[in-house]
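Each residue of the sequence shown is one higher than the last, beginning at 191 in the working numbering.
Report on one structure; see the data block that follows.
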Amino acid sequence: MAITDKIYVKNHQQLVSQLETSFPKGAFKGATLDILFQGEGLAKLDDASQDRVLDFAEDFLDCDCQANPHCGCPERKFVAYLLELREQGLGPDAVVDVMSDDYLLYAYPGDVLSFLDDSVRTLEAVETLAEVDGRDDVAEEVQQRRNRLM
Ligand SMILES: [Zn+2]
191 MAITDKIYVK NHQQLVSQLE TSFPKGAFKG ATLDILFQGE GLAKLDDASQ DRVLDFAEDF
251 LDCDCQANPH CGCPERKFVA YLLELREQGL GPDAVVDVMS DDYLLYAYPG DVLSFLDDSV
311 RTLEAVETLA EVDGRDDVAE EVQQRRNRLM
């Protein structure tokens with residue numbers, strides 16, 4: 191399962207009752223993207239929630255794909271956001287705190303940790319492949335990226 195399948199909407203019950211419409215707890219579930227993040231019920235949310243829901247929509251659902259928001263861009267952008275937080279030196283707990291503050295989302299720190307470990311391993315594999323291919327420039331770039339995640 192991708193990390194984006196393990197990102198949840200905080201205060202889910204409260205938001206459901208404000209919107210008067212049910213949607214799944216998973217932030218990247220199709221119905222959540224439609225109902226919470228692109229729905230017409232936004233005005234029914236309290237101000238603090240509304241701001242964060244809008245920020246999420248602006249930061250992750252802003253592509254021009256025809257299938258938006260079901261095109262995969264939101265998930266890709268969110269993964270980049272998580273890696274960026276890690277590169278700033280944040281640990282799994284702090285990453286969860288920041289996503290709650292920024293977007294009213296949460297995840298289990300253990301899931302974030304596995305995701306970061308997997309990312310480092312993926313970069314290691316890419317680095318090895320690049321070395322085998324004699325692409326030292328790529329290998330070096332990947333290694334730098336990997337070091338920033340450690
Ligand atoms: Zn897209």
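No residue lacks a Cβ here, since even glycine has one placed at the ideal position from N, Cα and C.
Spatial distance of residue i from residue j (CA atoms)
i: R336; j: E277; result: 9 Å
i: I197; j: R242; result: 15 Å
i: C263; j: T318; result: 28 Å
i: D254; j: C261; result: 10 Å
i: N201; j: L294; result: 8 Å
i: A192; j: A217; result: 12 Å
i: Q204; j: Q240; result: 13 Å
i: D195; j: D326; result: 35 Å
i: K267; j: E248; result: 11 Å
i: L280; j: E331; result: 21 Å
i: Q334; j: E230; result: 44 Å
i: V238; j: E210; result: It is Ala, not Val, that sits at residue 238 in the sequence shown. About 18 Å.
i: L244; j: R311; result: 34 Å
i: P282; j: K215; result: 21 Å
i: Y296; j: L306; result: 16 Å
i: P299; j: V285; result: 8 Å
Contact test: residue i Cβ vs ligand 1 heavy atom, cutoff 7 Å
i: N201; result: no
i: N258; result: yes
Nearest-angstrom beta carbon gap, residue j and residue i [assumed within contact, 8 Å]
i: L251; j: P259; result: 5 Å
i: L226; j: V199; result: 7 Å
i: L275; j: V288; result: 6 Å
i: S309; j: L339; result: 6 Å
i: A329; j: A320; result: 4 Å
Cβ of residue i within 8 Å of any chain D Cβ
i: V302; result: Here chain D cannot be found, since the structure has a single protein chain.
Counting only runs that start and end within the stretch 198-264, where is the beta strand (DSSP E) found for 3 or more residues in a row? none
At which residue ranges does the stretch 259-299 contain complete alpha helix (DSSP H) runs of 4 or more residues, listed in the order of the chain? 263-277 and 282-293
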